[in-house]
Structure formats: C-alpha cells, structure tokens
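Note sheet for the following structure.
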Amino acid sequence: MTYIPHTDADREAMLKVIGVDSLAELFDAVPAEHRFPALGLPEGMSEMEVAWELGGLANSNVAAHHFAIFLGAGAYNHFIPSVVNHVLLRGEFYTAYTPYQPELSQGTLQAIYEYQSMMCALTGMEAANASHYDGATSLAEAVTVARVHYRGKRTKVILSPSVNPEYRAVARTYHQGSDMKFVGDKGNATIPDLIDMLDEDTALLVVSYPNFFGQIDELGGLAQAVHEAGALLCMVVDPIALGLFKTPGELGADIVVGEGQPLGIPLSFGGPYLGFFATNQTLVRKIAGRIVGETIDKNGRRAFVMTLRPREQDIRREKATSNICTNQGLMALAACVYMSVMGKTGLRKVAELCYHKAHYAAEQINKLDGFSVDTSKPFFKEFVVTCPKPVAELNDVLLDHWGIIGGYDLSQHYPDRANQMLLAVTEMNTKDEIDTLAEALSQHDTPHHHDHAH
Amino acid sequence: MGDWKTPENAKYTKNDEWILVEGNTAKIGITDYAQDQLSDLVFVDMPETGTMLEKGDTFATVESVKAASDVYTPAGGEIVAVNEALEDNPELINSDPFGEGWIIQIKLGNPDDLDGLLSAAAYAKFCDERDA
Amino acid sequence: MTDETTTTTNGAPPPLEPLIYDLSSPGRTGAILPDPDVPEATLPDSLLRDRLDLPEVSEIDVVRHFLRLSRFNYSIDQGFYPLGSCTMKYNPKLNEDMARLPGFAQVHPLQDPSTNQGALALMHELQNWLAAISGMAGVSLQPAAGAQGEFAGILMIRAYHLANGDPGRNVIIVPDSAHGTNPATTAMAGLKVVEVPSDANGDVDLDKLREVCGDTIAGMMITVPNTLGVFERNIEAIIETIHGCGGLMYMDGANMNAMMGIARPGDLGFDVMHYNLHKTFSTPHGGGGPGSGPVAVGEKLLPFLPGPVVSVVDEGSEDEPPLYGLTMPEKSIGRLKAFYGNFGMLVRAFAYIAIHGAAGLKDVTQHAVLNANYIRARLKGTYPMPIDRICGHEFVCQGHFGADEKAGESGTESHEIHALDIAKRLMDYGFHPPTNYFPLIVPEALLIEPTETESKESCDAFVEAMLAIAKEAGENADLLHNAPLTTPVGRVDEVRAAKQLVLCCKPDIADVPSVDVPSVDVPPVVEPPAADLPTPDDSSLPAKQAEPDEGPEPKS
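Residue numbers (this note's numbering), protein chains in the order written: chain A, -6 to 447; chain B, 337 to 468; chain C, 194 to 749.
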C-alpha cells in the first residue's frame, strides 16, 4: 500500500490503544453528511505505471536537450555542472525542513550563509537574504522594503519600461491593496526620462541591468539623482552578466534583485527558480525573508542561525511586512554549489562565452537582408532583431524545419515592437547552431524540409 | 512573584511604558517588568526628533531574538531627543530601564494626558497580578 | 561586517567545517568550460568589473565540502521528524526522478504552447485533481508557496467585494490559534485583522464571532482541522455565520493531510483555500523551500483566480487530443510570480496523487490520523493534553514540569522544565523535536505530527523517548537544561547573532592562503535509535546556561 508501512496487526493494536474500533471512528467530529466523499480521481497506479505516464508526457514536450534554443526573456539555458544536481540529491539537504533548530541544521545554515556571502560578492552589496520565490517576487518585496523604509510617507515607484514585464506585473499584484503607485513604464521612457519623474513622493526607482532587451544602459549619475531626491535605487540584474560587468554596488544601487535561475537551476517550465535579494547594511532590518547570521554555540564553536527573526510573520503577525515563510532553500543551495564550482574564473568565462557568442550571432544576423540588430547600446547575451515578418511566423519555420526554438516575440508586451524578436545566446549555443539560425532566417521565405534537430 | 523596580517618581501605563516629567519635558521608556518579559534586547527601532506624537501613538519598536514589541507614548508632544546610545547598546534597556535605557524625551503637549496614568504602586500591583 | 570569520577565540573548538572561501586557492577552479568557438568580440573595458570574489576550489573540494555539510543536518531520510503543522512525510524517490526528466526540466516556459503540451496537460490534470480533492470549482497552480496561496486567496476576496461595489468590507476575521501567516497575509492585502478567541474546547467561540460580524466583514480565515489538531465542531455554524453577514470563508489548507477523502472544503461551504504541496503531497521541504501553494476556489471566485491558468483551448476529437493553453481569468487578481508556478513541484505532486488514487489518499489521511491518535493515547497521563479528545493528524501537549518546585526553592537552581528543554533533549535521543511554542494560545506547547509514513515501531520509539525524558525531568533537570549534548553544535547564542549581524563573510577572505581541512572530531547528527534506546552520555555536564524561551515555529 503505497508508502504506508502499517500491517493489519499494527492497525489493530494501535486502534486498541486509542480505544476505538475502526479507522472510520476517528472521524466522528466531521459532519456526517459530508463525511467520506467520493473524490473522482483515477485509480492508484504502480510506480512503473506512473513513471511510464509521466515519461510519456515529458517526451511530448519540445525540450532544449533535443533542440537549439535561442529563447531567454527571463529564463535561460545555461550549463549546469553535474556536481550541482548530485549535491541537491543528498536526502540530508532536500528532505530537511527550514533550519529552525540550529543544532540539527548546521549544514543548511552554513550553505545559506555561504550563498549570502557569494551573492554579496557578486552584486557588490553588503547583505543578502536566503532568497525569495523568484526574480519577480524579489522586485515586489523591494517595493515593500521601500514602503517600510519611508514609513508609508513616500508612495511612488518609478519603473523603467525595460524591466521584465512580468516582474512589473507581479509588483502591481502584490501592491494592489497598498497605497503604492507605479509610474514610468507605460511608454518608452529612457533613463533621463525616469530621472525627471523623481520627486519628494518617490520611494523607489527601478531599472534593469542589463535591461529586458539585453542592453547595458548608461547608468552614470542615476544613483546620485535618485539619492538627491531622497529615494532608493533598485536594480534588477542578470547574475551571469555580473560575472563580467560592474557591480550594482559600484553603480550605487540600494537594493539589488534578480532571477537566480541561471546559476545552476534548470529551466523546468518556469519554476522552481530563485529570487535573490541584496541590500546595503542600512536596509537589512527591513528585508523580508530568512537571513542567516554567524554566531557561536555555548562551547564557543562557530555556528550559524537564522537571525533578525522578529521581522517575520510568525512573531510579528499582522505587523510583519511580508507573509513569506519559505525561501527557495534548495535552489539557493544549487546556486551556492554552482558559484563554488564555477568560482572566480569560471563565472567570468561563462559570461565571456555568452558575450562572444551573442555578438557573433548578432553580427551574422545583422548581415541578412531584411533583418537588423539594435546595436545602439552595448549588450550582453540578448539582443533585439527587427525582422521582415511577424516573429511568430518565423518561429514556426525555425521549429518545424530547422529544429530551432526561436526568440521571444516582443510585440506580446510591447505593441509598438511588432516584428521584433529578442534572441538569447548562451555558452550552450554552438557556432554551428548560430550559423544554422542565420541560415534559417536568411531562407525564411523558402523553407527547407531537412529537419535539423540535433 | 516578581521583583521589578517601579520608581515612585514615574507614571506608568498598562502597556508597560513609564513617563518621568521634568518641567515641561518628559522622558519615556519601557519598564523593568517589560524588559524582563522581553529578555535580551537586540535592537530598538527609534523615531526621529521633531516627530509630533499624540497620546497612545506608537513611537518605537523594541526587539529581542524572539519577540518584537511596539512602544506607545503615555503622553502627546514633540520628540525633542532620542537616546542615541540605544543604537549600539540596546541592552541598556535591560540593565537600566529607568535611567540609561530611556528611549525618547518629549516636550509635553497637553498636561491632561498624564491624568489616568498609573502610580508606581498601582503599576507594581498590576505586574504582580499578571505574573500570578 | 567583521573580518574575524575564520578565527576563533582562544580555546574555542574549531569550526565544524571551514567556509568554502577558506578552502580557496588562487588559480584553482572546478569549472571545465570550452574556449569560444566563435571569433572573440571586443569587451567594453569601461563597463567591466575589476574583481569577482568567488571561491577558487576544485570539483572534489566542492563535493567534499557539501557532503560534510549535509552530515550536520537532520532530515526525513534519516529519521522521525514529528514537526507539527509541517507534515514531514517521506518524500518518494520516484518524484525526484520524474521532475528531472529532460522533457520537463529542459522546457523553456515561454515556448509556444504547441511545444509543451505534455507540461500543460500535466498541469491541467493536476488542477482537476486538486479541485476534486477539495470539492472546489477551479484551481490556479501559480502560488509559489502556501503563504503566497493565502495572499492570492485574500486578494481574491478583496477583489470580489470591490467588484460587487462593496469597498467597505475590509476586515478579515482570524482565530487566535491561527498561523502567523494569516494576519500577515491580511495586512499585506491592505485589510484589517480582527481576532476571535477559542473556547476551552479548542473551537472558535461562536458568540464572540457573532459579536464581530457585520457589514465590514470581508471574510474569515480558518485552519481545518485547527492548529490545535482538532476538527472544528462548529464548522458549519461558523461558515453560516460568516456567509450570513456577507463574508467569504477562507480555509488554510496546511492541515489537508487530515482531510483527504474525509471531507471536502467545498462541500463544507468554503469559498477559497490553498494547498501546501510540500506538506500534503510529499514534495520535499528542501531545507526551507521551494514550496508550492495552489489555490482552489468555488464558483464565486473563479473569475478572480491568479493567472495564467491552464485551459482547454480546443476540445480535440477522437483522433486529436485536446489542445491546452495558458489563459488569464476574466477578472484575475493578476500574476503572483513570473511564469506559471513551481512546475517541478507540480510534477512531484502529480506523481504522488497518481500513485495513490482516491482510495490511496484516503488511506494516507486515515493512517496519519491513526498515528497521531496512537501517540496521543500513549503520552496521555504523562504529558498534559489541553484538548482531550480524538485529534486529527496532529495534537498538542504541554511540555512543562517542575513548576511547583520553583516557587518552593527560591534562590536555588530551578528544576523547572520547559517545552524548549524537552525539544532539545529529544535531539539526544535521535529525533527531530516537535514544533514548540505554537499554537500561541497553549502555554509550553509541543505540537506533534507523526505523518502516515511512520511505522508503529517509529511511533513507539518516539513515545519511549518522550516518556524517558519526562522521567529525566523529575530526576535530573540539568540534563534537560543542557541538552542537546550529542549534536554537532550545542545551543547557539542567538542574541550575539542578532546584535553583531555577521550576514556574510568578507569577500577578500579569498585572498588568504588555503587552510588544511581539519578532520573535525564532531559527530554528524545522531542516528535515530534502534528498538532499544541508547542512554545518551550524561557525564561531564557543562554549567547550566540561561536560555531565552524559544519563539513559536511558523509553518512553511
């Protein structure tokens, strides 16, 4: 019987100790007319049958292990060293609960502390929490930090339109019951336009680095302008880009958030991912989510423990600023192992590979008739191509005839960007794949029929 | 049965704050009983000077490792000083709640606010009742 | 920040395990990456960072470091984990394999829906199954955790009243026994909390509830069975009262492991609830996440579900399977996260429900409740039970001994034993402690939830440990005050952690030379006991140290 170990003899003996005659009698407090309903589920299956059924569903998906993929826009096909998954499969890590009992949780606690340390190093910030659900909710929580920081006296949040549209949507969902107002992202505001919107009601200004279009905006002077207005600067960042580019800390950010999925976490159809969250020391007590600190045990031995606990919902209840309890503990562990094994030189090399390959791809595509790449600003691993026909049509051709998962159709969220495709190129894309992509695009009117799946 | 200090010259609230009037200003803090209940304090979230308070407003939060407690003002007025020493040494509230551990000083807005506050004896009795 | 992260004061024991940064040697790397196969582009020098302080270690350094760390954890795979309200059941290995199938793990969320029909079909089926188990009309799998499911639920209740032109409904009623997330969620949604007390039997006080009801009530949040572990006997009257004043009923689904095949929240009259897939449906807790908190609603709230949700966009035919797509409900409260939910967790929950079927899920609940009642019956008489009746999948008892002696022996060392001392002593017996100091309304609470995957032998071993500790409490209080003695670290200094706030190691620690990894003479987390209990070594007890009371443990 599935995972339940009881024998008939066990059940009988246990019922006798309890003093009831049957299992059913344990539920007498449930209203009789609603007790023991039929559930309308299929019959249970054996382990092998479940594996077959799920294997069939999995095989019916088009997945990156059989196709070349140039789709990014917030989730990326980066290389994951084997060691990451092997650590995650340690039952000691994945079948443990949140480390409330430090005596039995030093493994999880130290790993989170190391993760926090690496996120500080990566972002150039002074403190990081143990993570949020994903990059989008990290941004929503950054807005909350700003609200709390100004004790509700500043209510305006300026969002750059080049912050991931889903992140902006989530920030609005989170704050539909609060008095925070979101402005700035309805048109095509540039960084100077955003600076012009700063006023004494502004709590937070949010930019993306690189932005949603893969570009590195000119951010010199931004932090100074934000701080002169008395507001906070939040940067949404790609952690792989930080293997190469200046840190948000150097650029004057007060809060840094982002999606940690590129750090050793599979695409997995959108989750579970990892929302990272880093700040300066002055904001530490306003961060939501779990934070691990160093201390000693009663014998003086170094130990780690969750700290700043009174911020959290179980103690502060309705005065807590967030209801979050879980972090993405196991995903933070994945990122910690990934950053350990990549290390100082490996992460830089991954970033450089992305940069070189993306620039090679941009150059090849920019040469094609009817296609033009936006090279108005420096870019990292994604870039925008204006195409001669709707992106959806091109993507159909790429998939059906060339075995390529094409780029992101920007017109979905930016109506004035019809025919614009956002392409992502990572270290996982070979020169051969890139050349094939360029060839496929060049022949988009005369599709081949030589299925190119590799 | 507790043995908490309740200086005679202060007035008290049932939320465990004390107020000590000195001319037209008053110092405010939390009581010995309150610090004992909270155990080791690790942080005090302080207000800014110049803030105007009405009687009963929250003006600070005191935190131990397992609890956080809002502090309400027993009387209204303008905050003229905050105890900056608490920033680095919140434990002053534990060691000397009525002296070094004061939290704010206000310029009293309305002396009537002091009506109805508890005397030292009444507050000591109130603490004993809760501890029973 | 301090730069003393690797030094210990004189005479202090060495750290359990060096930080990964301490293992670093300049020039070493664990990454085996290719050189570019394309011409190199010119890097924009002025935009680049000049240093990156990540560790420099080899792959084997990484493997050994994290393996050693893992041994300092306690886990379900190691032993009994009766953490009340957290449902620490066995996490089947099959589920891990299924979530890692490349056809799931390597699917990009923004691919055209025609290319991920397998993933969408799975989600659609899971939506239907969760609706069937709860008796609700529809489900969104978006919420990333139970707390986010709660948030979605309360936002939907708020949106419902706003859509009805009833903005004055801004109060959510919460029982005093509720999880902390309930009031925190309400505040996040911009609504006000009103607390109602429980009566002596652990049920909501109906008279007090009726007093607060009125036209400002948006709804009520309640956990079933409640956090005291018992089925609310007035549940139908409570729902009728709230509905009668125009409010909606939210069920916190944290305790669904006591409900499957027993009662459906929709049948009882609930309008909205969340699941915790990481509790009820065995997806692993992962040391603190990821969770997954799907939200289920009745007809009234269907248009407000967070999205996107999976729908059938083309019914198909006998030869053609249906075509699934992602759609946004008409009056949706919006997105709660990027993409569609913690998909990897959904795969695991799907496998779990598929293997059980309806009858299997009912078995799960029946045996979870059997185990809880068995342990309750065996501990009764030794540990006081504030609610003395048949419980659900968990029960609360009080861990408090020797209080009377305290009064009689003022001035001498206290013999008083608290729930915290019992919790810590259980570690020496090889068990994870129960949740302590929650629910808040029971002094010295120990909330015990064995789950159905523990055998009678496991339950018996735990009971024997609890009984032995009760005996120790009377005979040798110091043994409990000083516990645990056999864990990798002893009780930790939480005050120091909160005051000094060392939250990351100073990055330039990477510049210091590598240290040899000491083989630390600290045992890993103790093994669970065999049938006969070991007597933990109680010689050479260190001096008693004062400990603050432990706060409540929240759920996740």
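Yeah, the Cβ is synthetic: ideal placement off N, Cα and C, and Gly gets one too.
According to DSSP, is C/Val705 helix, strand or coil? Caution is warranted here: a pLDDT of 44 is assigned to C/Val705, below 50, making its placement in the model unreliable, and the coordinate value is therefore given only provisionally. It is coil, neither helix nor strand.
Given 8 Å as the limit, is there contact between the stretch 381 to 388 of chain C and the stretch 485 to 500 of chain C, that is, 3 or more CB pairs closer than that? no
Classify B/Gln441 as buried or exposed, calling it buried when 16 or more other Cβ atoms lie within 10 Å of its own Cβ. buried
Could you tell me the distance, in whole angstroms, from the CA atom of A/Thr(-5) to the CA atom of A/Ala51? 23 Å
Beta-carbon separation of A/Ala354 and A/Val418 under 8 Å? yes
Mind checking whether A/Ile(-3) and C/Val562 have CB atoms under 8 Å apart? no
Just the Cα atoms here: how many angstroms apart are C/Pro761 and C/Val417? Residue 761 of chain C lies beyond the range of chain C shown here (194 to 749); nothing can be said about it.
Using a Cβ-Cβ cut-off of less than 8 Å, list which residues of the stretch 422 to 441 of chain C approach chain A; keep chain order. Val423, Phe424, Arg426, Ile428 and Glu429
Would A/Ala162 and A/Leu197 qualify as a contact pair, given that the criterion is a beta-carbon distance under 8 Å? no
Kindly indicate which residue of C/Asp671, C/Cys590 and C/Cys697 has the alpha-carbon position closest to the one of C/Leu633. C/Cys590
Inter-residue Cα distance where the pair is B/Ser431 and B/Gly437: 8 Å
Quick one: is B/Val380 near chain C, going by C-beta distance under 8 Å? no
Measuring CB to CB, does A/Gly85 end up less than 8 Å from C/Arg257? Rather than Gly, the amino acid found at residue 85 of chain A in this sequence is Glu. Not closer than 8 Å, so no.
Using a Cβ-Cβ cut-off of less than 7 Å, give me the residues of the stretch 134 to 168 of chain A that come near chain B, in sequence order. none
Report yes or no: do the stretch 428 to 438 of chain C and the stretch 394 to 411 of chain C share at least 3 C-beta pairs separated by less than 8 Å? yes
What is the C-beta distance between C/Ile350 and C/Ala411, in whole angstroms, given that I count them as a contact (C-beta under 8 Å)? 5 Å
Own chain, CB closer than 7 Å to C/Leu323, minus 5 neighbours either side, in chain order: Val332, Tyr468, Pro487 and Ala489
When the Cβ atoms of the stretch 562 to 573 of chain C are set against those of the stretch 42 to 62 of chain A, are three or more pairs found closer than 8 Å? no
Could you have a look at A/His406 and say whether DSSP puts it in helix, strand or coil? coil
Whole-number beta carbon distance between C/Leu315 and C/Leu539, since they are thought to touch under 8 Å: 7 Å
Do three or more CB pairs link the stretch 340 to 360 of chain C to the stretch 84 to 104 of chain A at distances below 8 Å? no
Suppose contacts are defined by Cβ-Cβ distances below 8 Å. Is B/Gly413 in contact with B/Leu450 by that definition? no
Measuring only between beta-carbons, confirm whether C/Lys692 sits less than 8 Å from chain B. yes
Excluding the 5 residues flanking A/Ile73 on each side, which residues of the same chain have their C-beta closer than 6 Å to its C-beta? Gly257
Tell me the DSSP secondary structure of A/Gly84 in three-state form. helix
Tell me which residues share the same chain as C/Glu769 and place their Cβ nearer than 7 Å to its Cβ, disregarding the 5 neighbours each side in the sequence. Nothing about residue 769 of chain C can be read from this structure; chain C reaches only from 194 to 749.
Taking 8 Å as the CB-CB limit, is A/Ile308 close to chain B? yes
Identify every residue that forms a DSSP beta bridge with C/Pro368. C/Val389
At a cut of 8 Å, does the stretch 686 to 700 of chain C reach the stretch 107 to 125 of chain A through at least three beta carbon pairs? yes
For A/Asp290, which three-state DSSP category applies? strand
Option in B/Glu358, B/Asp381 and B/Ala362 with minimal Cα separation from B/Glu420: B/Asp381
Which residue from C/Ile366, C/Phe474 and C/Ala298 puts its Cα closest to that of C/Thr644? C/Phe474
Which residues of chain A have a Cβ atom closer than 7 Å to the Cβ of C/Met281, listed in chain order? Tyr90
What's the gap between the Cα of C/Thr520 and the Cα of A/Ala385? 18 Å
Below-8 Å beta-carbon distance, B/Ala458 vs any chain A residue: no
Range covered by the alpha helix (DSSP H) that runs through C/Gly339: Gly339 to Ala356
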